[in-house]
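Below: one structure, written as structure tokens.
Chains as they are written, first to last, in the numbering used here: chain A, 658 to 965; chain B, 1166 to 1589.
Shown next as structure tokens:
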């Protein structure tokens, strides 16, 4: 099997097509392992992986941990509540201390954009970004792409629209970079106050009308509206958001075609997406979760076994 | 009595219109003679063939961090950095701890600076504790020795107070130096809002934060006939506003920092916090607008906004790093490389931006290179190529984005108060 050109997975921006192809293709193999009675292979035996989570996360952390354990890696978890960060230690000191305990791979979630870039230039471990601020969440981008490819057989020429708070979304950015590299046509849709500056220059179409966006799309990726975000800052109310941008059965029907529906989770039912859609026949939301473990196994394997 | 004889100096003085190659004899800090073939038995001889002698440079925007943050920089190390960069004078901003909002802090700074070869001129706060709530005692501060007022680091944003400050300071004939930024538009931002911030997912600072405040401030300045100096101008929109103000004859001046005419926000890719400052690095269009503003006299001054920080403060996640970079020891090289060699400025214009104009704006004595005048000189080498190495800086700080960059033009030394300091 060939190997990746990248040393770390910090994002999908400027990751070559061959690397993304390799990760997606390898994921098929790991997905098959997940269907076996004994879901474990010795691929990363003897390797130590640290999950550094400086921000709350349940599903991404569990998904990574399962992937690591199924590859037989030794796993250490570190979350802010149990860390020394609260005592005023810098990220760099925390990372260097953990590294001094001889780990091989660091999986990191952090609220600051670019924190992976920052550490990877100062530490010797392999880094996998599990989400950095509003920058990137590459394994989520990859699992979304994998799920779309699973449904359509290819990404080339497919039309994918990401809907919601694009400005604050690392999921949106990773999807945009990865999908464009793989030949998809990408659009975003949301209120203009949630679309970041000069978005078109990233090579995406921008819709502010949901019906137009749905008519464009073969697949939509519906972003979670962050309820904890200051309501009223970027849009007037959840009610108005739901009424204007909420994905409902009725709106999908009006588009006149079968649109595949993705959501990175966790879902706010009845806000950005209606239950009937989330649980409906065109939803791949649960397969996304399964694929997430396989994608992370593929990434851990390819990054972790890559020769220095 | 110490004498210096500078042989074969290329003397350029925009004030007297001098551009000649001659010898300069300095006795007890005063220029005694400028002529060809001067001979002296007891003078310290320095052959300046290939070097240019100009009126002493003045950086009207530095942060020397004393009192309060001496671990970042202090007046002594800051002055050493200024000398190494070719400056004989600096004006230091009042965001110290305590801030320069009463006479005792001014006196402290002047005492600390006493005896240094570089003149250090304090700038007083516009408002008490820089809180933007009530005016600092401007007359007291002026009498103690401040040369301007500024809340730099923060804007004077309260419009009622801004009006009062411009009115009140006008009787002292010193400028209000404004850090022009709308705090509501700025909040939480880390870099310029552009396709790069969109790509990097960093919290953006819109150019509107600067453009709108400059336009507003100019309206106030016109209304009360105030004296207004725009600190660290960085946007094309702000330059347009200053251009219009100058056309209408208002008492509005502006400065540009070297990083704003030599770097764009593309440099932020890589998340190196040495590219984080406020105002942030802008786009290529803005960089061009800054060069045009300097060429056209819209920007009167090149000022560094020298902002030292300790290594461990800067070596953190980009969004958590403090704003600011140091600039004293790279300013001349950047100006020569980016402006002089690219023919945006002539040499006399460049000297005006570094010496004549900042001194005029701050009301300092205008320097002349002629017999009988105090020798306050910068000695610069316009032809030398060198590689920026932060480990060799005189500043305590190392937070420069220009480490490793090859520049043309470097300070050779300064002469002030009868003393010479060579840069190397």
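From the three backbone atoms N, C-alpha and C, an ideal C-beta is built for every residue, glycine too.
Determine which residues share a DSSP beta bridge with residue i and list them.
i              : result
residue 1342/B : 1315/B, 1394/B
residue 1292/B : 1300/B
residue 696/A  : DSSP output for residue 696/A lists no bridge partner at all.
residue 1286/B : 1256/B
residue 783/A  : 762/A
residue 1550/B : 1573/B
residue 904/A  : 930/A
residue 1585/B : 1580/B
Helix, strand or coil for residue i per DSSP?
i              : result
residue 869/A  : helix
residue 1242/B : helix
residue 722/A  : helix
residue 712/A  : coil
residue 1178/B : strand
residue 1543/B : strand
residue 1360/B : helix
residue 1416/B : coil
residue 883/A  : coil
residue 1507/B : coil
residue 739/A  : Any reading at residue 739/A must be qualified, since the residue scores a pLDDT of 47, below 50, and its modelled position is unreliable; no value is offered.
residue 857/A  : helix
residue 1184/B : strand
residue 1167/B : coil
residue 1229/B : coil
residue 798/A  : helix
residue 1471/B : strand
residue 1516/B : helix
residue 732/A  : strand
residue 1172/B : strand
residue 1220/B : strand
residue 1555/B : helix
residue 1562/B : coil
What residues of chain A sit near residue i, judged by a beta carbon separation below 8 Å?
i              : result
residue 1273/B : Chain A residues near residue 1273/B: none, gap ~31 Å exceeds 8 Å.
residue 1485/B : 769
residue 1369/B : 853, 854
Under 8 Å Cβ to Cβ from residue i, same chain only, skipping five residues before and after it: list those, please.
i              : result
residue 783/A  : 664, 665, 761, 762, 763, 960, 961, 963
residue 739/A  : The pLDDT assigned to residue 739/A is 47, lower than 50, so where the model puts this residue is not dependable, and the model offers no usable value.
residue 649/A  : Beyond the ends of chain A as shown, which are 658 and 965, falls residue 649/A; an answer cannot be given.
residue 1510/B : 1459, 1460, 1500, 1504, 1518
residue 1301/B : 1266, 1267, 1289, 1290, 1291, 1292, 1293, 1314
Residues in the same chain with beta-carbon distance under 6 Å from residue i, minus the five sequence neighbours each way, listed in chain order, please.
i              : result
residue 772/A  : 789
residue 1368/B : 1353, 1354, 1355
residue 1131/B : Look at the range of chain B in this structure, 1166 to 1589, and you will see that residue 1131/B is not part of it.
residue 999/A  : No answer is possible for residue 999/A: the residues shown for chain A start at 658 and end at 965.
residue 834/A  : 669, 670
residue 780/A  : 752, 756
residue 1172/B : 1188, 1212
Which chain A residues are close to residue i, counting only those with a beta carbon under 7 Å from its beta carbon?
i              : result
residue 1430/B : Residues of chain A passing the Cβ test: none, with the nearest at roughly 11 Å.
residue 1435/B : 774
Using a cut-off of 8 Å between C-beta atoms, extract the partners of residue i located in chain B.
i             : result
residue 670/A : 1364
residue 790/A : 1366, 1367, 1484
residue 859/A : 1360, 1363, 1364
List the residues of chain B whose Cβ lies closer than 9 Å to the Cβ of residue i, in chain order.
i             : result
residue 794/A : Within chain B, no residue comes near residue 794/A; the closest Cβ sits about 10 Å away, beyond 9 Å.
residue 717/A : What residue 717/A touches in chain B: nothing, since even the nearest Cβ is about 17 Å away.
Which residues in the same chain have their Cβ closer than 7 Å to the Cβ of residue i, if we skip the five residues on either side of it in sequence?
i              : result
residue 876/A  : 805, 815, 817, 916, 917, 919
residue 829/A  : 819, 823, 845, 880
residue 711/A  : 737, 742, 766, 767, 768
residue 1378/B : 1320, 1345, 1346, 1347
Regarding residue i and the ligand ZN, is the C-beta to nearest heavy atom distance less than 8 Å?
i              : result
residue 1563/B : The ligand ZN is not part of the structure shown, which contains no ligands of any sort.
Using a cut-off of 9 Å between C-beta atoms, extract the partners of residue i located in chain A.
i              : result
residue 1480/B : 747, 749, 775, 779
Using the beta-carbon of each residue, which ones in chain B are nearer than 7 Å to residue i?
i             : result
residue 827/A : 1366
residue 753/A : Those within 7 Å of residue 753/A in chain B number zero; the least Cβ separation is about 11 Å.
residue 830/A : 1366
Legend entry - Three-pair Cβ contact test at 8 Å for the segment 1373 to 1392 of chain B versus the segment 1451 to 1467 of chain B: no
Inset, instruction - Evaluate the contact criterion for the segment 1484 to 1495 of chain B versus the segment 1259 to 1272 of chain B: three or more CB pairs, one atom per stretch, below 8 Å. - result: no
Inset, instruction - Answer yes if the segment 1277 to 1286 of chain B comes into contact with the segment 1237 to 1247 of chain B, meaning at least three C-beta pairs across the two stretches below 8 Å, and no otherwise. - result: yes
Inset, instruction - Could you say if the segment 692 to 706 of chain A and the segment 722 to 730 of chain A meet the contact criterion of at least three C-beta pairs nearer than 8 Å? - result: yes
Inset, instruction - May I ask you to verify whether the segment 890 to 900 of chain A touches the segment 1382 to 1402 of chain B, counting CB pairs closer than 8 Å and requiring at least 3? - result: no
Inset, instruction - Would you be able to state if there are at least three C-beta pairs under 8 Å between the segment 1555 to 1562 of chain B and the segment 1575 to 1587 of chain B? - result: no
Legend entry - contact_flag[the segment 1201 to 1214 of chain B, the segment 1521 to 1541 of chain B] where n(CB pairs < 8 Å) is 3 or more: no
Inset, instruction - Report yes or no: do the segment 1187 to 1204 of chain B and the segment 1429 to 1445 of chain B share at least 3 C-beta pairs separated by less than 8 Å? - result: no
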